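Please read the structure below before turning to the comments.
There are 2 protein chains.
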Amino acid sequence: MQKHSERMRQEGRTLSFVPTMGFLHDGHLSLMQAGRQRGDRLIISIFVNPTQFAPNEDFDSYPRDFERDLDLAREVGVDVVFAPQRESLYPDGYQTYVRSEGLSNHLCGISRPIFFTGVATIVTKLFHIVMPTIALFGEKDYQQLTVIRRMVQDLNMGIEIIGCPTVREPDGLAMSSRNAYLKPEQRAAALSLSQALFHASKRVQSGETETSTIIEDAFKRITAHAETEVDYIAVVDAETLVDIEAIDRPARMALAVRVGTTRLIDNIALNP
Amino acid sequence: MQKHSERMRQEGRTLSFVPTMGFLHDGHLSLMQAGRQRGDRLIISIFVNPTQFAPNEDFDSYPRDFERDLDLAREVGVDVVFAPQRESLYPDGYQTYVRSEGLSNHLCGISRPIFFTGVATIVTKLFHIVMPTIALFGEKDYQQLTVIRRMVQDLNMGIEIIGCPTVREPDGLAMSSRNAYLKPEQRAAALSLSQALFHASKRVQSGETETSTIIEDAFKRITAHAETEVDYIAVVDAETLVDIEAIDRPARMALAVRVGTTRLIDNIALNP
Chain A
-15 MQKHSERMRQ EGRTLSFVPT MGFLHDGHLS LMQAGRQRGD RLIISIFVNP
35 TQFAPNEDFD SYPRDFERDL DLAREVGVDV VFAPQRESLY PDGYQTYVRS
85 EGLSNHLCGI SRPIFFTGVA TIVTKLFHIV MPTIALFGEK DYQQLTVIRR
135 MVQDLNMGIE IIGCPTVREP DGLAMSSRNA YLKPEQRAAA LSLSQALFHA
185 SKRVQSGETE TSTIIEDAFK RITAHAETEV DYIAVVDAET LVDIEAIDRP
235 ARMALAVRVG TTRLIDNIAL NP
Chain B
-15 MQKHSERMRQ EGRTLSFVPT MGFLHDGHLS LMQAGRQRGD RLIISIFVNP
35 TQFAPNEDFD SYPRDFERDL DLAREVGVDV VFAPQRESLY PDGYQTYVRS
85 EGLSNHLCGI SRPIFFTGVA TIVTKLFHIV MPTIALFGEK DYQQLTVIRR
135 MVQDLNMGIE IIGCPTVREP DGLAMSSRNA YLKPEQRAAA LSLSQALFHA
185 SKRVQSGETE TSTIIEDAFK RITAHAETEV DYIAVVDAET LVDIEAIDRP
235 ARMALAVRVG TTRLIDNIAL NP
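As they're listed, the protein sequences go chains A and B.
Sequential numbering from -15 applies to the first sequence in our numbering.
Sequential numbering from -15 applies to the second sequence in our numbering.
Next comes the structure, spelled out in structure tokens:
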């Protein structure tokens, strides 16, 4: 892969890259379409990265369907699918990790303390192997996008990071490979996440600025459904991810909620 | 620098890179000469990296002589001297660090806990900016060389790392920019470091295999001199840097000793 990319870059091609954990859905496909438009060559990776899962998390059960993924990639016009083996990326004695100290300590970083170190590390490795000009990430994983932007800037990676809007089901549920875990009644409860966010957005557009009011309202809307357990609901500065009390600057409302045993996340922009 | 390197690589040039903190001595020059031979273009960096110094260490007093460094670089045939400003490499809000967990916890990592994180981070940044094919490091900083080799392998950096032999003064003292701190009587005491290592090497060649005996002997030889204070004297596995009891595999004897207020390091190969 590295040699192939080196050759393409020597030929002056711009390389678009979409890293994924597979089980592709319309969110991934929209990233690929955007990558297709922006680069001469489109590369995706499919790798369920073990270092971003804690021992109690769903690494083993994470949904996988490699053949279907290849078909979808072909349809979108992906030039290269890079699907490495775990042993080749993390051989015995592996010990080097990349960490963004500040941004990783908020939101999902609290209940998933190793997650963003795992993400920053695998993305660094994939960037070195794939050598992209441009890499595309979904706003669905807003904190991940923020951490990666910061990492690319801090470590002088010289790669353009593009954030793409969250793709949603017709009823509003954010696309996620983990939606496959949801039973029908859980699927209904899960809808409360996006609905709470849309409602918050409307309230802010109508002039509400106090974040505690907005958060309390979202909490009520979500916990009204059975099987929901809120990990966090937060309104943060869109850049630093620090909690804010009033919407007096570009902000992001983000939440993580367990529906049954499935942990779902979603977020929305809240602008003053 | 990044654009310049990208262009050179697109032209198919191999780039040799020697990162330094300046105040160049014959050790640096030997790295540059080796780099000159191996690459089409030779790049060096001069940057006293603040993130590898603890607050109580000698960042402010570290010797600097940029004009002399430029003259020396010119003489060796360096093509590019990259000398960035602190603010451009570590702007406000900087927060991303690279760390090799295991190797950084031995030897110098014990008394300098942030040192190898600082080194791995700045070397990663410089590699991203300079985009070398080959990078050269001195065996004088043996643990640093080991950490960087591991990092390059773990993070798939695709850069060839060359370790070059320690360059010594005619009497045996390992070249170091910090030797400039030594007063004449300290300079004499500092000689005991390399002499202890050479003596250990001879004993191993004569059949000694017990590391405790070798270490004890070196300790006596060094502490016989005034103003010496041993940080550590260790015999370790040459690859993992773990302490070993017998020289039954490729090993490295490494030591760090304070002479007055100057901390000096040196090391030597001990092979069974």
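Glycine residues also receive a C-beta, built at the ideal position from the N, C-alpha and C atoms.
Since we're looking at a predicted model, the values are computed, not measured.
Requested in this report: May I ask you to list, following chain order, the residues of the region 79 to 90 of chain A that have a beta carbon less than 8 Å from some beta carbon of chain B?
Outcome: Gln79, Thr80, Tyr81, Val82, Arg83, Ser84, Glu85, Gly86, Leu87
Report task. Locate the alpha helix (DSSP H) running through A/Glu169, then write down its first and last residues. Result -> If you number the first sequence from 1, residue 169 of chain A lands on position 185. 168 to 189 is the span of the alpha helix (DSSP H), which, as asked, contains A/Glu169.
Requested in this report: Could you name the residues of chain A that B/Met(-8) contacts, counting a contact when the two beta carbons are closer than 7 Å?
Outcome: For this step, residue -8 of chain B is matched to residue 8 along the second sequence. Within 7 Å Cβ-Cβ: nothing; B/Met(-8) doesn't reach chain A, min ~11 Å.
Requested in this report: Please list the partners that B/Asn33 has in chain A, where partner means a Cβ-to-Cβ separation under 8 Å.
Outcome: Here residue 33 of chain B refers to the residue found at position 49 when the second sequence is read from its first residue. Within chain A, no residue comes near B/Asn33; the closest Cβ sits about 14 Å away, beyond 8 Å.
Query raised in the report: Any residues in the region 102 to 120 of chain B with a beta carbon nearer than 7 Å to a beta carbon of chain A? Which ones, in chain order?
Result: Among the residues of the region 102 to 120 of chain B, those with a Cβ less than 7 Å away from any Cβ of chain A are Thr108, Lys109, His112, Ile113, in the order of the chain.
Query raised in the report: In its own chain, which residues sit with a C-beta less than 8 Å from the C-beta of A/Arg25, not counting the 5 before and 5 after it?
Result: Walking along the first sequence from the start, residue 25 of chain A turns up at place 41. Here the set comprises Met(-8), Arg(-3), Thr(-2), Leu(-1), Ser0, Asp63, Val64.
Query - Cut-off 8 Å between Cβ atoms - residues of its own chain near B/Gln17, not counting five sequence neighbours on either side - result: Here the question's residue 17 of chain B lines up with position 33 in the second sequence. Same-chain partners within the cutoff: Val60.
Query raised in the report: Is B/Ile132 near B/Ile113, with beta carbons less than 8 Å apart?
Result: Taking the first residue of the second sequence as position 1, residue 132 of chain B is located at position 148. Taking the first residue of the second sequence as position 1, residue 113 of chain B is located at position 129. The answer is no: Cβ separation not under 8 Å.
**Report entry** Sequence-distant residues of the same chain with beta carbon closer than 6 Å to B/Gln128, five excluded per side
**Finding:** Translated into the one-based positions of the second sequence, residue 128 of chain B becomes position 144. Cβ within range, chain order: Val103.
Query raised in the report: When you check each C-beta in the region 131 to 142 of chain B against every C-beta of chain A, which residues fall closer than 7 Å?
Result: Arg134, Met135, Asp138, Leu139, Asn140, Met141, Gly142
Query raised in the report: Quick one: is B/Gly(-4) near chain A, going by C-beta distance under 8 Å?
Result: As a working mapping, residue -4 of chain B is identified with position 12 in the second sequence. Yes, B/Gly(-4) lies at the interface with chain A (some Cβ there is under 8 Å from its Cβ).
Query raised in the report: Which residues of chain B have a Cβ atom closer than 8 Å to the Cβ of A/Gln21, listed in chain order?
Result: Numbered from its first residue, the first sequence carries residue 21 of chain A at position 37. Per Cβ cutoff of 8 Å: no residues; A/Gln21 is ~23 Å from chain B at best.
Report task. Determine, using beta-carbon pairs with one atom in the region 152 to 170 of chain A and one in the region 2 to 14 of chain A, whether at least three such pairs fall under 8 Å. Result -> yes
Report task. Buried or exposed for A/Gly11, please, with buried defined as at least 16 other CB atoms from any protein chain shown within 10 angstroms of its CB. Result -> For this step, residue 11 of chain A is matched to residue 27 along the first sequence. Classification for A/Gly11: buried.
Query raised in the report: Under a three-way DSSP split, which group does B/Phe66 fall into?
Result: What you label residue 66 of chain B is simply residue 82 of the second sequence in a count that begins at 1. Of the three classes helix, strand and coil, the one that applies to B/Phe66 here is strand, per DSSP.
Query raised in the report: Comparing alpha-carbon positions, which option in B/Arg20, B/Ala208, B/Leu13 lies nearest B/Arg52?
Result: By 1-based counting over the second sequence, the position of residue 52 of chain B is 68. Comparing Cα positions, the closest option is B/Leu13.
Query raised in the report: Hey, quick one: how far does the alpha helix (DSSP H) through B/Ala218 stretch, first residue to last?
Result: In the second sequence, counting from the first residue as 1, residue 218 of chain B sits at position 234. Premise fails: B/Ala218 lies in the beta strand (DSSP E), 212 to 221, not in any alpha helix (DSSP H).
Report task. Report back the beta-carbon spacing between B/Ile249 and B/Val219 to the nearest angstrom; my notes put them in contact at under 8 Å. Result -> The residue given as residue 249 of chain B occupies position 265 in the second sequence. The residue given as residue 219 of chain B occupies position 235 in the second sequence. That belief does not hold up - the Cβ atoms of B/Ile249 and B/Val219 are roughly 15 Å apart, past 8 Å.
Requested in this report: Taking B/Tyr46 as the reference, give the member of B/Leu166, B/Glu123, B/Val188, B/Glu153 with the closest Cα.
Outcome: In the second sequence, the residue the question calls residue 46 of chain B occupies position 62. Minimum Cα distance to B/Tyr46 is reached at B/Leu166.
Query - Coarse secondary structure for B/Leu157, derived from DSSP in three states - result: Working through the second sequence from its first residue, we reach residue 157 of chain B at position 173. It is coil, neither helix nor strand.
**Report entry** Contacts that A/Gln(-14) makes with chain B (C-beta to C-beta distance below 8 Å)
**Finding:** To locate residue -14 of chain A, count along the first sequence from 1; it is residue 2. What A/Gln(-14) touches in chain B: Asn140, Gly142.
Report task. Starting from A/Val243, follow the beta strand (DSSP E) in both directions and report where the run begins and ends. Result -> The count along the first sequence starts at 1 and reaches residue 243 of chain A at position 259. Run containing A/Val243: 235 to 243, per the beta strand (DSSP E) assignment.
Requested in this report: Would you mind sorting A/Thr245 into buried or exposed? The rule is 16 or more other CB atoms within 10 Å of its CB.
Outcome: Taking the first sequence and counting its residues from 1, the one referred to as residue 245 of chain A is at position 261. Exposed: under 16 other Cβ atoms inside 10 Å.
Query - Sequence ranges, alpha helix (DSSP H) only - wholly within the region 118 to 146 of chain A, length at least 4 - result: 126 to 138
Query raised in the report: Are the region 116 to 127 of chain A and the region 81 to 93 of chain B touching by the rule of at least three beta carbon pairs closer than 8 Å?
Result: The region 116 to 127 of chain A is not in contact with the region 81 to 93 of chain B.
Requested in this report: Count the other C-beta atoms from every protein chain shown that fall within 10 angstroms of the C-beta of A/Ala184, then say buried if there are 16 or more, exposed otherwise.
Outcome: Here residue 184 of chain A corresponds to residue number 200 of the first sequence, with the count starting at 1. The residue in question, A/Ala184, is buried, as its Cβ has 16 or more Cβ neighbours within 10 Å.
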